[in-house]
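Step one of this worksheet: look at the structure below.
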Amino acid sequence: MRYVEAFRSPEAVRQLAEAIRATVTRPWSIMEVCGGQTHAILRFGLDQLLPSGLDLLHGPGCPVCVTPAATLDQALAIAAQPEVVFCTFADMLPVPTAGGSLAEAKAGGADIRAVYSPLEAVRVAAEEPHRQVVFFAVGFETTAPANALALHLANGQGLENFSLLVAQVLVPPALEALLAAPDHRIDAFLAAGHVCTVMGLEAYAPIATSRHVPIVATGFEPVDILSGILAAVRQLETGQAYVENGYARAVAAAGNPAARALIDEVFEPVDREWRGMGCLPASGLGLRPAYRRFDAAARFGVSSASGAEDARCIAGRVLQGLARPGDCPAFGTDCTPRHPLGVTMVSSEGACSAYYQYRQSEGAEG
Amino acid sequence: MTHGPDSAPGDGSGGSEGAVQMAHGGGGRMMQDLIHGVIRPAFPNQQLEHNHDGAFFTPQGAELAFTSDGHVVQPLFFPGGDIGSLAINGAINDLAMCGAEPGQISVSLIIEEGFSIADLRRIAASMGSAAAAMGACIVTGDTKVVERGKGDGIFVSTSAVGPVRSASRPVPAAVRPGDSILLSGDIGRHGVAIMAARAGLTFGSPLLSDCAPLWPTVRALIERGIELHCLRDLTRGGLAAGLIEVAETVLLAVEVENAAIPVSEPVRSACELFGLDAIHVANEGRFIAFVPSDQEAEALALMRRFGDARWIGRVGEEQSGAVVLQSPYGTRRRLRLPNGEQMPRIC
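Here the protein sequences come in this chain order: A and B.
Whatever position you read off the first sequence (first residue = 1), add 115 for the numbering used here.
Whatever position you read off the second sequence (first residue = 1), add 34 for the numbering used here.
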């Protein structure tokens, strides 16, 4: 913890904010990719320390948010099977769909269990051999290694009653898609530090070069985030665009080789649907042929589910940095954490939830 | 002291004394044996010797405070306490937050078939000593047994009455602009101790629940003549819920300095690990006091005799009902209640 405190030091924060103000001469828009960074920015009020004209855009890096309604409908259909124990990270429980949430299904009697790790689900499968144990494999490159490890172990233990409902997504293809949008305002990215810890930096160099966009791997504490912003504006002000490691204490250029090998053993890139962004090529992970018999969607025959989203919700535009939560007419009125229209209001990493939770002026009490 | 149950509730063995059976709740001889042999010996007082349906007492002129609470904690025995001490201290603390002395307590037990009688005896003893330590009497109660699978080991409900000793009622409506807000000690211990116990985690130094009676601190403040505008214990929802409930009731702005809120090293570490904010984490032995600013120093000095008390903020003039947290960076944010419980994050 003392290690963390150094990255929350008020003096270091003050000096970085001053350096950013001294560097910036023109308006810039920087997107922090990860929802964890968005929450840290709002929780610590870091945006209040930036010069006017330096805009932070909130990116799509919230795994709960980008999981499409169709996948949640698959989850609900699987969890409703009487033989199923449906294991999930607790974040997914309250996400609303037209057919209800996993939390509602749990209250209605489905055997849905919140776990801290996919390995807990493997243990349940070993302990309850007569049940079908499904783990909801949601997340970016950060959750992929543990989910791969779970399947590797289940396979090794011959646990044929275990399966994964896979909704894994990848960051670099999403950045490409954001930059391909004609109305995007992104001048630089703060890449999600934990994703880079796993995968390294190599996938970002082609994006930085071809799109001429600075990309800074950035951590999650106030000093990390302001350091990332400072590095990005220094590149922008000098007309440079390259990949910079602003989170060297956690990120190695090649990532974590053991984790990458596990991912590669179990998963392969597939096209994947993102909430609000459509189907992006090679933007997700699916099971390799050797592991496909553990695919819960196929096992339970729910591969073709299609989910509907509330037409009033602008989550898709918020997730792409094209709109701010406050731009939504429903924000804080028809849409609150208690009665969310969309996932960005309910997820603990969603931008709408961050604005609702931390901003004094925006949003009536729900 | 840290306890583990002698045997898991419902494992059939029930420890050396056996297990609670449905017949223990059936109104016959076995129920008499359970009540008179296991539970009542832990609560020695004359009222229970009447062996009647209720207790009798004569109010001595003072206004009475009356409170009720239910306890469903798991694990039942946790570092720093157990469901018995939690239930009795909970009742005592609710009275203390009314400026009231611990008085008479009723205890209702709902026990699951198969529960270890040895564990029941330990819980009863823990209740008896928590009550005795504060001069409170468990004067009446009830025992029910539910079928296996229909309870979670044991549920404990309490009600309590006690005479009000503060000069005025310490309720949100009495809070005034300019009041100082004092916090009785570091936050988050109970919630984190329970979560760590459930997850089987340790954090270097042992992490104990703060489960404790608040009456000695409140009594000291009353005896010194501190004007207690409002008292609030910080149980479920933590410090955030306590501040927000008071601010929203009295419709005044509350300004709190984040850096002034004490959080111990192990609680900080655990909160980082679980992805939680200590300000929302439950306590069982902490409270906030709203006092006039000219009595702040005196009240704080008194409270510091009992714990790591701090000044954490003040009540503003603005009629917003909002709690605003000031960061060490000079930035501000609104403090809000989470919708349900805080959720550990995916990544």
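C-beta: ideal position from N, C-alpha, C; glycine also.
With 16 or more other Cβ atoms from the protein chains shown falling within 10 Å of its own Cβ, His154 (chain A) counts as buried. For Glu352 (chain A) and Gly309 (chain B), the gap between their C-alpha atoms comes out near 36 Å.
Glu306 (chain B) has a beta carbon lying within less than 8 Å of a beta carbon in chain A. CA-CA distance, Pro247 (chain B) to Gly162 (chain B), rounds to 14 Å. Contact between Cys177 (chain A) and Gly399 (chain A) does not hold, since the beta-carbon distance rounds to 15 Å and is not under 8 Å. Boundaries of the alpha helix (DSSP H) harbouring Phe308 (chain B): 299-308, taken from the DSSP string. Taking the Cβ atoms as the reference, Ala208 (chain B) lies roughly 6 Å from Cys264 (chain B), within the contact range of under 8 Å.
For Arg432 (chain A), the closest of A:Leu293, A:Gln196, A:Arg407, A:Tyr231 by C-alpha to C-alpha distance is A:Leu293. Per DSSP, the unbroken alpha helix (DSSP H) holding Cys467 (chain A) starts and ends at 466-473. A contact between stretches requires three or more CB pairs, one per stretch, nearer than 8 Å, and the segment 59-70 of chain B fails this requirement with the segment 119-133 of chain B. For Phe159 (chain A), a Cβ of chain B is located within less than 8 Å of the residue's own Cβ.
The beta carbons of Ile188 (chain B) and Glu257 (chain B) sit no closer together than 8 Å. Annotation: the continuous alpha helix (DSSP H) that includes Lys221 (chain A) extends over 217-222. Beta-bridge pairing by DSSP links Met146 (chain A) to A:Leu172, A:Phe304.
In the structure shown, Asp67 (chain B) adopts helical secondary structure according to DSSP, grouped into three states. Contact with chain A is absent for Arg223 (chain B), since none of that chain's Cβ atoms lies less than 8 Å from the residue's Cβ. Excluding sequence positions up to five before and after Glu198 (chain A), its CB lies within less than 7 Å of the CB of Arg246, Gln247, all in the same chain and listed in chain order.
Note on His70 (chain B): under 16 other CB atoms within 10 angstroms of its CB, so exposed under the neighbour-count rule.
DSSP, read as helix, strand or coil, puts Gly343 (chain A) in helix. Below 8 Å, too few C-beta pairs join the segment 283-290 of chain B and the segment 93-100 of chain B to call them touching: fewer than three. C-alpha of Phe204 (chain A) to C-alpha of Val230 (chain A): approximately 5 Å in a straight line. When CB distances to chain A are screened at a threshold of 7 Å, the residues of the segment 334-367 of chain B falling below it are Ala356, Val358, Ser361, Pro362, Tyr363, Thr365, Arg366, Arg367, in chain order. If the five residues before and after Ala368 (chain A) are omitted, its C-beta is found closer than 6 Å to the C-beta atoms of Gly315, Leu316, all from its own chain and listed in chain order.
Ranked by Cα distance from Pro384 (chain A), the options A:Cys394, A:Gly174, A:Ser463, A:Leu402 are led by A:Leu402. Chain-ordered, the chain B residues with CB closer than 9 Å to the CB of Leu164 (chain A) read Tyr363, Gly364, Thr365.
Minimum Cα-Cα distance from Gln353 (chain B) among the listed residues B:Pro362, B:Met64, B:Glu282, B:Phe77 corresponds to B:Glu282. Residue burial is scored here from C-beta neighbours: Glu351 (chain B) has fewer than 16 other C-beta atoms within 10 angstroms and is therefore classed as exposed. Here DSSP, grouped into helix, strand and coil, assigns Gly196 (chain B) to strand. For Ala426 (chain A) and Val179 (chain A), the gap between their C-alpha atoms comes out near 19 Å. Around Leu377 (chain A), the same chain offers Pro260, Ala263, Leu264 as residues with beta carbons nearer than 6 Å, after the five sequence neighbours per side are excluded. In this structure Leu369 (chain B) is not in contact with Ala294 (chain B), their Cβ atoms being roughly 14 Å apart against a cut-off of 8 Å.
DSSP places Gly399 (chain A) inside the beta strand (DSSP E), whose first and last residues are 393-402. For Ala233 (chain B), the chain A residues whose Cβ falls inside 9 Å of its Cβ are Tyr231, in order along the chain. If the five residues before and after Lys221 (chain A) are omitted, its C-beta is found closer than 6 Å to the C-beta atoms of Ile227, all from its own chain and listed in chain order.
Pairing Leu305 (chain A) with Gly354 (chain A) gives a Cβ-Cβ distance that is not under 8 Å. Judged by DSSP secondary structure, Leu161 (chain A) falls outside any beta strand (DSSP E); it is assigned neither H nor E.
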